[in-house]
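Participant: Using the working numbering, the letters of the sequence shown correspond one by one to residues 79 to 265.
We put the CB at the ideal spot given by N, CA and C, even for glycine.
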Amino acid sequence: MTTPFKVLGFCGSLKQKSYNMIALKTAGELMPAGMRLEITRYDDLPIYNFDVQEKGFPATATRLREEVLAADALLFASPEYNWSVGAPLKNVIDWLSRFQPQPFNNKPAALFSCTTGPVGGARGQYDLRRILVQLGVHWLVKPEVFIGNSASKFTDGKLTDETTRKFLTDQMIALEDWIKRVKRLVA
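Here is the structure:
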């Protein structure tokens, strides 16, 4: 039996009852048997500052780098803030972009977003794709998952909307195939 692909999950919201975190955990439950999700934390990561970096990378940044390097793939669940990527997730990217070798390079990745508005985070997703592609991330293009009007799709801390659960299931199946394809490509 082969070892399941390790997928490192990033939630772009630090909010305790974040719809994105609930959806990220749900995506982990919906993954095929050949994958397993580990969700990372970074709420103690300081704002990126070169002066801090010169004194040494914070322990959280170094841990995140090691987690990304050890992962077979990345999964991002991120809300949209002011039509773009939120500061917490952008800060992680800014810190990790400073490491050499680049931990994001040649990592297969997928993303989805939950927002309370009708657009579902599309603008934030497109910015996140643009930011990480230049660091070497290989994005899963389809299926895209935008979970708009999120408040109506969650009940008592669970993702209960069956259509949304199906979208996430389809994306997780596609991500497993994408990981295999990218691994062959970069081998």
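1) Evaluate the contact criterion for the stretch 191-206 versus the stretch 145-159: three or more CB pairs, one atom per stretch, below 8 Å.
2) Cα-Cα, which of A148, F83, P110 is closest to A244?
3) From which residue to which residue does the alpha helix (DSSP H) around A111 run?
4) Could you pull out every unbroken beta strand (DSSP E) segment of at least 3 residues lying fully inside the stretch 166-190, listed in chain order?
5) Could you compute how far the alpha carbon of E222 sits from the alpha carbon of E132?
6) Please report the straight-line C-alpha distance between L102 and T193, rounded to a whole angstrom.
7) I'd like the span of the alpha helix (DSSP H) that includes V219, first residue to last.
8) Less than 7 Å between the beta carbons of L253 and L213, yes or no?
9) Taking only the alpha-carbon atoms, compute the straight-line gap between E144 and V163 and give it to the nearest angstrom.
10) So for I225, helix, strand or coil by DSSP?
11) Could you give the first and the last residue of the continuous alpha helix (DSSP H) run that contains F245?
12) Rounded to whole angstroms, what's the CA-CA distance from L123 to P136? Just pull it up for me.
13) Within 10 angstroms of its Cβ, does D234 collect 16 or more other Cβ (buried), or is it exposed?
14) Grab me the residues of G87's own chain with a C-beta within less than 6 Å of its C-beta, minus the 5 sequence neighbours each way, in chain order.
15) Express the C-alpha separation of H216 and I125 in angstroms, rounding to a whole number.
16) Any beta-carbon of chain D closer than 7 Å to the one on P82?
17) Short of 7 Å in beta carbon distance, which residues of its chain neighbour Q180, apart from the five on each side in sequence? Order them along the chain.
18) Do L237 and T104 come within 7 Å of each other at the CB atom, strictly closer than that value?
Facilitator: Looking at the atomic coordinates:
1) yes
2) Here the question's residue 244 lines up with position 166 in the sequence shown. The displayed chain sequence assigns Lys, not Ala, to residue 244. Among A148, F83, P110, the Cα nearest to that of K244 is on P110.
3) As a first step, residue 111 is located in the sequence shown; it is residue number 33 there, counting from the start. Element bounds for A111: n/a, residue is neither H nor E.
4) none
5) On the sequence shown, residue 222 is found 144 positions in, with the first residue counted as 1. On the sequence shown, residue 132 is found 54 positions in, with the first residue counted as 1. Going from the Cα of E222 to the Cα of E132 covers about 39 Å.
6) Working through the sequence shown from its first residue, we reach residue 102 at position 24. Working through the sequence shown from its first residue, we reach residue 193 at position 115. Cα to Cα, L102 sits roughly 13 Å from T193.
7) In the sequence shown, counting from the first residue as 1, residue 219 sits at position 141. Counting along the chain, V219 falls outside any alpha helix (DSSP H), and DSSP gives it neither H nor E.
8) On the sequence shown, residue 253 is found 175 positions in, with the first residue counted as 1. On the sequence shown, residue 213 is found 135 positions in, with the first residue counted as 1. No; because the gap between Cβ atoms is not below 7 Å, this pair is not in contact.
9) Against the sequence shown, residue 144 aligns to sequence position 66. Against the sequence shown, residue 163 aligns to sequence position 85. Rounded to whole angstroms, E144 to V163 spans 23 Å at the Cα level.
10) The count along the sequence shown starts at 1 and reaches residue 225 at position 147. If DSSP states are grouped into helix, strand and coil, I225 belongs with the strands.
11) Position 167 of the sequence shown, counted from the start, is the residue given in the question as residue 245. F245 -> alpha helix (DSSP H) spans 240-264.
12) On the sequence shown, residue 123 is found 45 positions in, with the first residue counted as 1. On the sequence shown, residue 136 is found 58 positions in, with the first residue counted as 1. The alpha-carbon atoms of L123 and P136 are separated by roughly 7 Å.
13) The residue given as residue 234 occupies position 156 in the sequence shown. Answer is exposed; the Cβ neighbour count stays below 16.
14) Within the sequence shown, residue 87 is the residue found at index 9, counting from 1. Excluding residues within five positions, the ones whose Cβ falls inside 6 Å are L102, L115, I117, L153.
15) Taking the sequence shown and counting its residues from 1, the one referred to as residue 125 is at position 47. Taking the sequence shown and counting its residues from 1, the one referred to as residue 216 is at position 138. Cα-Cα distance, rounded: 26 Å.
16) Given the protein chain composition of this structure (a single chain), no chain D is represented.
17) Indexing the sequence shown from 1 puts residue 180 at position 102. Cβ neighbours of Q180 beyond the five flanking positions: L213, G214.
18) Within the sequence shown, residue 104 is the residue found at index 26, counting from 1. Within the sequence shown, residue 237 is the residue found at index 159, counting from 1. Cβ distance < 7 Å, so T104 and L237 count as in contact.
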